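Here my numbering = 1-based position in the sequence shown + 187.
Glycine included, each C-beta is placed from N, C-alpha and C at the ideal position.
Computed from a predicted model, the values in this text were never measured in an experiment.
Here's the structure, in structure tokens; my notes come after.
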Amino acid sequence: MDTAASGELFVSDNVLDDAELQADGLQVQPSRLLNAGRGLFATRAFAQGSVVCVYTGEVLESARAWKLADKTYLMKLGGGRYVDARRCPRVLARYMNDCRGRLGGFNVTLDKRPSEGRALVVALRDIAAGEELFVDYGRLYWLAYNLLHPESPVR
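So, in structure tokens, the structure goes:
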């Protein structure tokens, strides 16, 4: 049995359907972004500055994080710490997409907390029910992505 630092059992992503991926005020659904797969949507309103959800997973130190073959859900927290939600499909924050300035822009940001091994997802503005949550993955993410996926239409 494999568990995250929080004690959460790792579950394969493809055994959960969208109906199972919901929490207070949030639901995973097909993204509105082309080629993005699933996205995270608000099912109720969130006020600017409120914590929408939390990005958690397996906490790793830099040396171990950089050895991972799949860094899809790896987030740098700072202070040499990373959090990897790759094997934690019930961590809804992992379904947020980067809209690259489209569809109204970013509506959440990350309050990274290395000492806690997590990042809070905070509303940048008031978010209405039905909106997809978009976060800025950062310039380095997209540089690496485009090197690894030169055929991708996403830039």
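Residue interval of the alpha helix (DSSP H) (run including residue i)
i: Ala252; result: Ser249 to Lys254
Own chain partners of residue i with C-beta closer than 7 Å, once the 5 adjacent residues on each side are dropped
i: Pro301; result: Leu264, Gly265, Gly266 and Arg268
i: Gly224; result: Ser218
i: Ala316; result: Ala229, Thr230, Arg231 and Ala232
i: Arg305; result: Val241, Tyr242, Thr243 and Val270
i: Leu327; result: none
Residues of its chain near residue i, where Cβ-Cβ distance is below 6 Å and the 5 sequence neighbours each way are ignored
i: Ala191; result: Any reading at Ala191 needs caution, since the residue's pLDDT is 43, under 50, leaving its predicted position unreliable; the model's value is listed next. Once the five neighbours on either side are set aside, the close Cβ partners of Ala191 are Gly244, Glu245 and Cys275.
i: Glu319; result: Arg219, Gly226 and Phe228
i: Thr296; result: Val309 and Leu311
i: Asn201; result: Note that Asn201 has pLDDT 49, beneath the 50 cutoff, so the model's placement of it is unreliable and the number below is only indicative. None.
i: Gly281; result: A small correction: the amino acid at residue 281 is Arg; Gly does not occupy that position in the sequence shown. The residues are Tyr260 and Ala272.
i: Ser237; result: Ala310
Residues bridged to residue i (per DSSP)
i: Asp298; result: Leu307
i: Val215; result: Leu227
i: Ala210; result: Leu213
i: Gly265; result: Arg268
Residue i: CB within 7 Å of a non-hydrogen atom of the ligand FAD
i: Leu255; result: As for the ligand FAD, it is missing from this structure, which has no ligand bound.
Cutoff 8 Å; reference residue i; Cβ partners in own chain excluding five residues on either side
i: Asn294; result: Ala310, Leu311, Arg312, Ile314, Glu318, Leu320 and Phe321
Rounded distance between the beta-carbons of residue j and residue i, thought under 8 Å
i: Arg273; j: Thr259; result: 6 Å
i: Ala252; j: Leu261; result: 6 Å
i: Asp285; j: Asp323; result: 6 Å
Span of the beta strand (DSSP E) around residue i
i: Val278; result: Careful: Val278 lies outside any beta strand (DSSP E) and carries neither H nor E.
i: Leu221; result: Where Leu221 is concerned, there is no enclosing beta strand (DSSP E), given that its DSSP letter is neither H nor E.
i: Arg268; result: Arg268 to Asp271
i: Tyr260; result: Where Tyr260 is concerned, there is no enclosing beta strand (DSSP E), given that its DSSP letter is neither H nor E.
i: Cys240; result: Val238 to Tyr242
Beta carbon proximity, residue i to chain B, threshold 8 Å
i: Arg326; result: Although the question refers to chain B, the structure presented lacks it and comprises just one protein chain.
Whether or not the segment 251-270 and the segment 225-235 are in contact is what I'm after, with contact meaning three or more pairs of Cβ atoms, one per stretch, closer than 8 Å; do they touch? Judged by Cβ distances under 8 Å, the segment 225-235 makes no contact with the segment 251-270, as fewer than three pairs qualify.
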